[in-house]
Amino acid sequence: MLLYDTKYLQLKSTKSKSGNDWVYAHRPNAKDVVVILPLINNKQVLFLIEERPPLQAEGIAKYSIALPAGLVGDERIGETIEEAINAELMEEAGLKAARIEIKTRRTASSPGCVSETVTIAIAYINGYNILKKPVSDGGVIVDRVLVDKNNIRSWLKEQEENGAALTAQTLAALFYLEDKENP
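In this text, residue positions in the sequence shown follow my numbering: the first is 98, and each later residue adds one.
Right, here's the structure in full:
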């Protein structure tokens with residue numbers, strides 16, 4: 098049942114198996130979300146520094162550490178996941194991948210609250226050549242940082258100590274960075 102409706106977000110209600118009311122958020126304008134881990138020369142990862150209003154409004158974090166990401170089919174009707182990965186990588190990082198590897202298609206970051214799932218991909222990029230000026234995504238993306246893949250844990254810890262929130266999708270993507278089963 099639809100409780101509240103906006104262009105980008107709906108609040109819905111359903112029943113759990115036990116019969117209890119369950120309220121959750123749903124995106125009516127997209128069929129999926131993509132998160133892209135840009136791996137530059139197999140040595141560095143490009144992270145985004147974002148200022149997300151919900152985290153700031155609640156006093157949770159000054160900024161968040163994220164990866165390029167976006168909705169599938171919200172602006173381009175009939176867009177495939179692969180097309181969205183390439184488009185978001187160009188829009189938010191100004192980069193083009195030599196190769197894209199989809200690692201998972203149904204990562205749920207908060208399945209008790211939102212119906213959204215995420216497709217996670219690694220974008221293998223040869224050279225760090227910005228082909229197009231990246232967007233700020235409405236002022237949300239405030240910086241981009243290249244981090245050597247051997248220093249990611251310490252860098253993330255330092256960012257968290259300095260007031261950053263680490264997005265669940267970013268941490269999930271990093272799990273696949275050193276995927277020994279599927280290199």
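Glycine residues also receive a C-beta, built at the ideal position from the N, C-alpha and C atoms.
Contiguous alpha helix (DSSP H) assignments of at least 4 residues, all confined to the region 116 to 194: Those alpha helix (DSSP H) runs which fall completely within the region 116 to 194 and span 4+ residues are 150 to 154, 178 to 190.
beta-carbon A166 near the ligand MN non-hydrogen atom, thresh 7 Å: In terms of ligand content, the structure shown is empty, and the ligand MN therefore cannot be addressed.
Nearest-angstrom Cα separation, counted from N117 out to P280: In this prediction, P280 has a pLDDT of 49, which is less than 50 and means its spatial position is unreliable; what the coordinates show is noted afterwards. Rounded to the nearest angstrom, the two C-alpha atoms are 44 Å apart.
Environment of L145 [buried if 16+ CB atoms lie within 10 Å]: The residue is buried, with at least 16 neighbouring Cβ atoms inside 10 Å.
Beta-bridge partners of L106, as assigned by DSSP: Beta-bridge partners of L106 (DSSP): none assigned.
Run of the alpha helix (DSSP H) containing L228, from where it starts to where it stops: Where L228 is concerned, there is no enclosing alpha helix (DSSP H), given that its DSSP letter is neither H nor E.
Neighbourhood of V169 by C-beta distance below 7 Å, restricted to the same chain and skipping five residues each side: Scanning its chain for C-beta atoms nearer than 7 Å, with the 5 sequence neighbours on each side dropped, one finds around V169 the residues A127, K128, D129, V130, V131, E176, I178, A181, in chain order.
Identified DSSP bridge partners for T201: Partner(s): I217.
Buried or exposed (CB count within 10 angstroms, at least 16 for buried), S115: Exposed is the label assigned to S115, since fewer than 16 other Cβ atoms lie within 10 Å of its Cβ.
Same chain, Cβ closer than 6 Å to I227, neighbours up to 5 away in sequence not counted: The answer, listed in chain order, is G191.
T267 - DSSP class collapsed to helix/strand/coil: T267 carries a helical assignment under DSSP once its states are collapsed to helix, strand and coil.
Sheet register partners of Y101 (DSSP bridge): Its beta-bridge partners are L108.
Bridge partners - L243, DSSP secondary structure assignment: L243 pairs with L143.
For R241 and P135, the rounded distance between their alpha carbons: Inter-residue distance for P135 and R241 is about 11 Å (C-alpha atoms, whole angstroms).
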